[in-house]
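In the numbering used here, the protein residues as written are 5 to 168.
Below is one structure, written out as structure tokens; the observations come after it.
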């Protein structure tokens with residue numbers, strides 16, 4: 005069973021859906037209400053959100069989108085390899101187009117680490133909207149990001165590693 009939401013409309017409209025395999029669907033298909041899967045999203049079926057979601061899925065299915073995903077993932081892997089030994093990096097991990105860098109903060113690794121505010125303002129002042137979670141910086145770029153824009157983010161992260 006999978007639930008989808010923000011990714012369908014890019015977070016621009018409230019929309020969600022739940023999907024599953026045919027086998028799971030069949031297990032709940034019954035006139036007996038005791039077999040019902042009582043799960044639903046309160047923001048399902050808005051016609052405008054449905055149209056936005058369908059347009060998003062159309063974009064996702066374009067070959068150029070998969071090429072962009074592959075390009076971003078490869079760029080992340082190269083960048084991760086480049087900075088993984090930096091003294092300010094505790095750990096780094098990647099899955100597809102998501103890159104997460106845990107910054108070294110000693111024992112202060114909580115979600116409320118003071119580093120979060122410093123990093124947020126540092127990146128914002130450089131024109132980059134980032135949302136560090138404690139001492140972890142995530143890069144989750146849109147699939148339409150250019151190499152130049154991505155390299156600017158990487159360069160700014162390297163500067164932050166040396167300055168903060």
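Beta carbons: idealized from backbone N, C-alpha and C, even for Gly.
Minimum C-alpha distance to residue i - residue among the options
{"i": "residue 160", "options": "147, 143, 16", "result": "143"}
{"i": "residue 122", "options": "168, 74, 70", "result": "168"}
{"i": "residue 133", "options": "156, 113, 151", "result": "156"}
{"i": "residue 63", "options": "151, 131, 14, 5", "result": "14"}
{"i": "residue 18", "options": "6, 39, 53", "result": "53"}
{"i": "residue 58", "options": "124, 9, 101, 37", "result": "9"}
{"i": "residue 76", "options": "101, 93, 27", "result": "101"}
{"i": "residue 97", "options": "36, 27, 80", "result": "80"}
Cβ distance (whole Å) where residue i is taken to contact residue j below 8 Å
{"i": "residue 120", "j": "residue 136", "result": "5 Å"}
{"i": "residue 103", "j": "residue 78", "result": "Not confirmed; about 12 Å, so no contact."}
{"i": "residue 60", "j": "residue 12", "result": "6 Å"}
{"i": "residue 138", "j": "residue 113", "result": "6 Å"}
{"i": "residue 153", "j": "residue 87", "result": "That belief does not hold up - the Cβ atoms of residue 153 and residue 87 are roughly 18 Å apart, past 8 Å."}
{"i": "residue 105", "j": "residue 149", "result": "No, residue 105 and residue 149 are not in contact; Cβ-Cβ is about 17 Å, not under 8 Å."}
{"i": "residue 91", "j": "residue 71", "result": "No, residue 91 and residue 71 are not in contact; Cβ-Cβ is about 35 Å, not under 8 Å."}
{"i": "residue 21", "j": "residue 40", "result": "Actually they are not in contact, since the Cβ atoms of residue 21 and residue 40 sit about 17 Å apart, beyond 8 Å."}
{"i": "residue 56", "j": "residue 16", "result": "7 Å"}
Environment of residue i [buried if 16+ CB atoms lie within 10 Å]
{"i": "residue 116", "result": "exposed"}
{"i": "residue 25", "result": "exposed"}
{"i": "residue 23", "result": "exposed"}
{"i": "residue 164", "result": "buried"}
{"i": "residue 125", "result": "exposed"}
{"i": "residue 5", "result": "exposed"}
For the stretch 24-36 against the stretch 66-76, do three or more pairs of beta-carbon atoms, one drawn from each stretch, fall closer than 8 Å, so that the two count as touching? No: the two stretches stay apart, fewer than three of their Cβ pairs being nearer than 8 Å.
If we require 3 or more residues per run, which beta strand (DSSP E) segments fall completely within the stretch 23-85? Those beta strand (DSSP E) runs which fall completely within the stretch 23-85 and span 3+ residues do not exist here.
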